[in-house]
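Below: the structure, in structure tokens.
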Amino acid sequence: MTTAHVAAAVPVMLDLRAHRKVPGSPDGYMALWGLLEPVLVTLDPRSGPRVRLDLGEEGEVGVWFLSPATAPVPFSAATPFAVRGVLEPPRVRYVCDTCRASGTTTYAPFTCTGCGTKEKPGRVCDAHAVFLEGSLRASCVRHEPTCRCGRPGRGWCGGPRCRSGRAWCDDHLVPHPGDASLAYCVDCHADRFPACERPGCPSTGHIRCEHLGLDDARACGRRVCGEHVMRWQIYGSRSKGLALCGRHHRDLRGSAPEALVALIVAGTVARSQARRGNRFGGRRAAFLPRIGIVRHIFINTCQRVLDMGAVDALFVRLQDDLRRRGGRDGGNLVQTALRLLDEQAASRREDVQRFRDSHEEGRGHFARLRTLLQQSGKHELADAVTFSDYRRKSNILFVRVPQEMRSRFIGTGGAVVQELRTRLGINIQLERE
Numbered sequence: 001m002t003t004a005h006v007a008a009a010v011p012v013m014l015d016l017r018a019h020r021k022v023p024g025s026p027d028g029y030m031a032l033w034g035l036l037e038p039v040l041v042t043l044d045p046r047s048g049p050r051v052r053l054d055l056g057e058e059g060e061v062g063v064w065f066l067s068p069a070t071a072p073v074p075f076s077a078a079t080p081f082a083v084r085g086v087l088e089p090p091r092v093r094y095v096c097d098t099c100r101a102s103g104t105t106t107y108a109p110f111t112c113t114g115c116g117t118k119e120k121p122g123r124v125c126d127a128h129a130v131f132l133e134g135s136l137r138a139s140c141v142r143h144e145p146t147c148r149c150g151r152p153g154r155g156w157c158g159g160p161r162c163r164s165g166r167a168w169c170d171d172h173l174v175p176h177p178g179d180a181s182l183a184y185c186v187d188c189h190a191d192r193f194p195a196c197e198r199p200g201c202p203s204t205g206h207i208r209c210e211h212l213g214l215d216d217a218r219a220c221g222r223r224v225c226g227e228h229v230m231r232w233q234i235y236g237s238r239s240k241g242l243a244l245c246g247r248h249h250r251d252l253r254g255s256a257p258e259a260l261v262a263l264i265v266a267g268t269v270a271r272s273q274a275r276r277g278n279r280f281g282g283r284r285a286a287f288l289p290r291i292g293i294v295r296h297i298f299i300n301t302c303q304r305v306l307d308m309g310a311v312d313a314l315f316v317r318l319q320d321d322l323r324r325r326g327g328r329d330g331g332n333l334v335q336t337a338l339r340l341l342d343e344q345a346a347s348r349r350e351d352v353q354r355f356r357d358s359h360e361e362g363r364g365h366f367a368r369l370r371t372l373l374q375q376s377g378k379h380e381l382a383d384a385v386t387f388s389d390y391r392r393k394s395n396i397l398f399v400r401v402p403q404e405m406r407s408r409f410i411g412t413g414g415a416v417v418q419e420l421r422t423r424l425g426i427n428i429q430l431e432r433e
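For the record, in the sequence shown the residue sitting at position 431 is 431 according to UniProt numbering, with numbers rising by one throughout.
Set out below in structure tokens:
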């Protein structure tokens, strides 16, 4: 019994990338194969695994023999072939709408929102894409962005109002003060780089005035540059004082102690609330200044000398008023103020007691001072001088002397006051008037 031997199919791949008429159906491929097969059976795949067949106006077709060493040569009309794959010309999935209108096909990597629909925006190629400074957003020539004045746009504004959504021409763009490659519209530039309140100042007012009343909805907010900002040093020399504009800094001079206490509390509340936000991260919390500092604030700001008990009473009075207000219309600001005042209460009691102990010692020094003046025959000066303050730690006695008698108290070249300092063993200073 004999068995007929069936020859294995010769595996090939077709390369149609240079073919101008790629088949679109199985029948089309069968017709193409009918043109190729008569030529293939005359070839020896061992002489070259890849051949190109010229089909005239339709272009070229490449045939790759995938296993030339095992091919049954010579081929005949009965030799079976198996097409394992087809390399087709690349298809342009995204065609430029502008090029398509002129009858050409060009790859378009960019989209134009002015063309097509929201679900399927139009496409634009490299040659027809229009870009404005400030964004990588593309558009075609027909939909080139324009300024509100009607002129072609030069750049997108990335400011807080426009958010890169509006184009502006050269006349309506203002450059970034430190980077000429960036620009903003007039309104966004004013928001991002506000002018200093000082007339004629070219600097950016990057600091906001922190002046705030307990009844105010928000702080003043006037913009001041670093050179012209006025700092109200209410937290000591190691912390930045409240930033004030020129008008509110001038107003401090004519303010009563009660008003100054309210401003100190309100300003500290605003800082405390801001520092709880993410922007301040782990910064230390804000605290009200000790009343010893507040007492000297009164001396330096409104020329009022109060003892610690009187300063403490101002805070207690404000605290009582806020408690009454808290039950009716007290908001978060009032509640925070009450918390800060409660936290400050213990230090206020300590400062009042320390002040009383220190002043008791200081009044003893003052009594000795008056005695020395009387013993030296300066009776009128002894009657005119008054006690102001005593600082135990620095051993300084502050006294008040009428302006017309100061020269007599100081003496020629400071001889009188220096002798008093030596005999009393303390530093005597005249309080500023």
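All residues carry an ideal CB built from backbone N, CA and C; glycine is no exception. Everything numeric in this text was worked out from a predicted model, so none of it was measured.
Under DSSP, the beta-bridge partners assigned to W232 are L242. In this structure, the straight-line span from the alpha carbon of W156 to that of W168 is close to 6 Å. In the assembly as shown, L242 is a buried residue. Its beta-carbon has 16 or more other beta-carbons within 10 Å. Per DSSP, L132 has no beta-bridge partner at all.
Between A69 and P11, the beta carbon gap of about 12 Å keeps them out of contact (Cβ cut-off 8 Å). Contact between the segment 62-77 and the segment 8-25 is present: three or more C-beta pairs spanning the two stretches fall below 8 Å.
Judged by DSSP in its simplified three-state form, R295 adopts helix. In this structure, DSSP gives F387 an extended state, which the three-state scheme calls strand.
Per the DSSP secondary-structure output, M13 pairs in a beta bridge with W64 and G85. Here L136 is exposed, its C-beta having fewer than 16 other C-beta atoms within 10 Å. For N395, there is no enclosing beta strand (DSSP E), as DSSP gives it neither H nor E.
For Y184, DSSP records a beta bridge to V174. The beta-carbon separation of H176 and C201, rounded to 18 Å, does not stay under the 8 Å limit for a contact.
Inter-segment contact for the segment 390-402 and the segment 356-366 is present: three or more beta-carbon pairs are separated by less than 8 Å. Distances from the CA of H296 to each of S237, G165, R324 and T105 were compared; the closest alpha carbon is that of S237. The beta carbons of P257 and F298 sit closer together than 7 Å. With contact defined as three or more Cβ pairs closer than 8 Å, the segment 191-210 and the segment 219-228 are in contact.
Of the residues P45, G59, A138 and H19, the one whose Cα lies closest to the Cα of V86 is H19.
Annotation for L338: the continuous alpha helix (DSSP H) segment containing it runs N332 to Q375. Spanning the alpha carbons of L32 and F131 requires a straight line of approximately 46 Å.
With 16 or more neighbouring CB atoms inside 10 Å of its own CB, S139 falls in the buried class. Collapsing the DSSP output to three states places Q273 in a helix.
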